Amino acid sequence: MARLSLSKSSLAKQQRQLQTFERYLPSLDLKRRQLLAERARAQEERAALEDEIEVLRDLVRERLPMLANLEIPLAELVRVEQIRIDEENRMGTRLPRLVAVHFARADYGCLSRPHWVDPLVERLEQMLELRIRLRLQQQRVTLLETAVRKVTQRVNLFEKVLIPRTRAHIKRIRVALSDAERAAVVRSKIAKAKRQRGGLA
Numbered sequence: 001m002a003r004l005s006l007s008k009s010s011l012a013k014q015q016r017q018l019q020t021f022e023r024y025l026p027s028l029d030l031k032r033r034q035l036l037a038e039r040a041r042a043q044e045e046r047a048a049l050e051d052e053i054e055v056l057r058d059l060v061r062e063r064l065p066m067l068a069n070l071e072i073p074l075a076e077l078v079r080v081e082q083i084r085i086d087e088e089n090r091m092g093t094r095l096p097r098l099v100a101v102h103f104a105r106a107d108y109g110c111l112s113r114p115h116w117v118d119p120l121v122e123r124l125e126q127m128l129e130l131r132i133r134l135r136l137q138q139q140r141v142t143l144l145e146t147a148v149r150k151v152t153q154r155v156n157l158f159e160k161v162l163i164p165r166t167r168a169h170i171k172r173i174r175v176a177l178s179d180a181e182r183a184a185v186v187r188s189k190i191a192k193a194k195r196q197r198g199g200l201a
């Protein structure tokens with residue numbers, strides 16, 4: 001770190017720096033609070049998706065107990081054909097957002113499989129989409145947690161390091177300037193007294 005200059009220009013520079021830090025800190029703290037609120041909302045949405053998945057699982061257990069019959073081939077009924085994802089910007093953090101999910105259904109004859117296969121296929125599509133949404137929501141939560149951590153570090157840097165250190169520098173410079181001014185006054189009085197004594201002699 002550079003040695004602190006105890007001059008008036010250094011004092012002005014430190015005061016400007018302090019003003020900049022104090023002006024920037026509230027907006028940084030506001031961003032942190034907004035990110036915390038956004039993270040809480042994302043966590044709630046994640047919990048809601050987990051609940052939806054559990055409800056759908058219970059519904060399938062209740063309404064389609066015939067899934068236990070292993071003689072009916074049910075593999076490859078539905079597959080994810082395309083997932084469209086874009087990004088949205090939340091307080092400078094780019095978050096993934098699901099636009100659409102397209103499924104491909106296997107061709108199966110209406111008479112070759114039981115009547116309950118159609119509702120099963122619909123439930124499978126619902127479950128796949130919910131799982132994709134849950135995975136994206138987890139990514140959103142992770143990205144928001146990272147953003148909150150970074151902004152919190154910056155807030156702490158300003159609050160606990162930069163602002164106190166700059167104030168301490170300002171105080172130190174003021175004390176040094178005040179001491180120098182007092183010393184100059186004392187020297188001036190001593191010189192004046194010497195001149196007066198010299199004139200009397």
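Taken in order, the sequence shown gives residues 1 to 201; the numbers are from UniProt numbering. Backbone N, C-alpha and C define an ideal beta-carbon position, used for all residues, glycine too. Here the structure is a predicted model, which is why all the values come from computation and not from measurement.
First and last residue of the uninterrupted alpha helix (DSSP H) at Pro119: Within the sequence shown, residue 119 is the residue found at index 119, counting from 1. That run of the alpha helix (DSSP H) goes 117 to 156.
DSSP bridge partner residues for Ala106 (one or two, in chain order): Here residue 106 refers to the residue found at position 106 of the sequence shown. Answer is none; Ala106 lacks a bridge partner.
Endpoints, beta strand (DSSP E) assigned at Val60: Counted from its first residue, the sequence shown places residue 60 at position 60. Here Val60 belongs to no beta strand (DSSP E); instead the alpha helix (DSSP H) covers 8 to 63.
Neighbourhood of Tyr24 by C-beta, 6 Å cutoff - its chain only, sequence neighbours within 5 removed: Counting from 1 along the sequence shown, the entry for residue 24 is found at position 24. Once the five neighbours on either side are set aside, Tyr24 has no close Cβ partner at all.
Check whether Glu87 and Leu98 have beta carbons under 8 Å apart: Position 87 of the sequence shown, counted from the first residue, corresponds to residue 87. Position 98 of the sequence shown, counted from the first residue, corresponds to residue 98. In this structure, Leu98 does not lie closer than 8 Å to Glu87 by Cβ.
8 Å Cβ cutoff, Glu159 in contact with chain D: Annotation note: the requested chain D is absent from the structure, which comprises a single protein chain.
Assigned exposure category for Val175 - 16 Cβ within 10 Å defines buried: Stepping through the sequence shown from its first residue, residue 175 is reached at position 175. Counting Cβ neighbours within 10 Å, Val175 comes out exposed, since fewer than 16 surround it.
Three CB pairs or more closer than 8 Å across the stretch 27 to 37 and the stretch 139 to 158: yes
8 Å Cβ cutoff met for Leu141 and Ala42: Along the sequence shown, read from residue 1 onward, the residue named residue 141 stands at position 141. Along the sequence shown, read from residue 1 onward, the residue named residue 42 stands at position 42. Position check: residue 141 holds Val in this sequence, whereas Leu was assumed. Yes, the Cβ-Cβ distance between Val141 and Ala42 is below 8 Å.
From Leu30, Asp118, Lys192, Leu11, residue whose alpha carbon lies closest to that of Ala91: Looking up residue 91 in the sequence shown gives position 91. Note on identity: in this sequence residue 91 is Met, with Ala being the wrong assignment. Of the listed residues, the one whose Cα sits closest to Met91 is Leu30.
Collapsed DSSP secondary structure at Leu177 in the structure displayed: Walking along the sequence shown from the start, residue 177 turns up at place 177. If DSSP states are grouped into helix, strand and coil, Leu177 belongs with the helices.
Three-pair Cβ contact test at 8 Å for the stretch 50 to 68 versus the stretch 164 to 182: no
Assigned secondary structure, Glu81 (DSSP; H/G/I helix, E/B strand, else coil): Looking up residue 81 in the sequence shown gives position 81. Glu81 falls in the strand class under three-state DSSP.
Cβ-based neighbour list, Leu18, same chain, cut-off 6 Å, excluding 5 preceding and 5 following: Indexing the sequence shown from 1 puts residue 18 at position 18. Contacts found: Thr166.
Neighbour-count burial assignment, Thr93, 16 or more Cβ in a 10 Å radius: If you number the sequence shown from 1, residue 93 lands on position 93. Flag for Thr93 reads buried.
8 Å Cβ cutoff met for Arg46 and Gln137: On the sequence shown, position 46 is the one that residue 46 refers to. On the sequence shown, position 137 is the one that residue 137 refers to. Cβ atoms of Arg46 and Gln137: closer than 8 Å.
Residue burial classification, residue 202 (beta-carbon count within 10 angstroms, cutoff 16): The requested residue 202 is not part of the displayed model; the chain covers only 1 to 201.
Selection from Ala12, Pro164, Leu134, Leu59 that minimises the alpha carbon distance to Arg123: Along the sequence shown, one-based indexing puts residue 123 at 123. The option with the nearest alpha carbon to Arg123 is Leu59.
Whole-angstrom distance between Phe21 and His169, CA atom to CA atom: One-based indexing of the sequence shown puts residue 169 at position 169. One-based indexing of the sequence shown puts residue 21 at position 21. Looking at the two C-alpha atoms, the distance is approximately 14 Å.
As assigned by DSSP and simplified to three states, the class of Ala75: Taking the first residue of the sequence shown as position 1, residue 75 is located at position 75. DSSP places Ala75 in coil when its eight states are reduced to three.
8 Å CB neighbourhood of Arg133 in its chain, flanking five on each side removed: For the purposes of this step, residue 133 is taken as residue 133 along the sequence shown, with counting starting at 1. Contacts found: Leu49, Leu98.
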